[in-house]
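Numbering (my numbering), first residue to last: 25 to 118. Right, one structure below, let's go through it.
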């Protein structure tokens, strides 16, 4: 598992949990409310018990890790060098 993916998933999980905590105090409308409900459904409600906080953060971490893997799978075909790129690099190689 790549370190970069793990760090990005941890950052995303922290941001998600911050959004859940702030959203519990605010009155949300429209898209923000729908995003809050979906996030709350998948990672848990806003809590202040340290053990539950860690469990909910870990759920958010796994969700972000899955999302990053999907994004990497979608981007994988675009990272392969094309024939034109290979020819160009061979011609310009010194």
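Built from N, CA and C at the ideal position, the CB exists for glycine as well.
Consult DSSP for residue i and reduce its assignment to one of helix, strand or coil.
i, result
"residue 113", "helix"
"residue 50", "coil"
"residue 73", "coil"
"residue 105", "coil"
"residue 36", "helix"
"residue 29", "helix"
If residue i sits next to residue j, beta carbons under 8 Å apart, how far is it from one beta carbon to the other, in whole angstroms?
i, j, result
"residue 92", "residue 29", "5 Å"
"residue 70", "residue 37", "Not a contact, Cβ separation roughly 14 Å."
Counting C-beta neighbours from all protein chains within 10 Å, is the total for residue i 16 or more, i.e. buried, or is it exposed?
i, result
"residue 27", "exposed"
"residue 88", "buried"
"residue 44", "buried"
Query raised in the report: Do three or more CB pairs link the region 57-68 to the region 79-88 at distances below 8 Å?
Result: Yes, the region 57-68 is in contact with the region 79-88.
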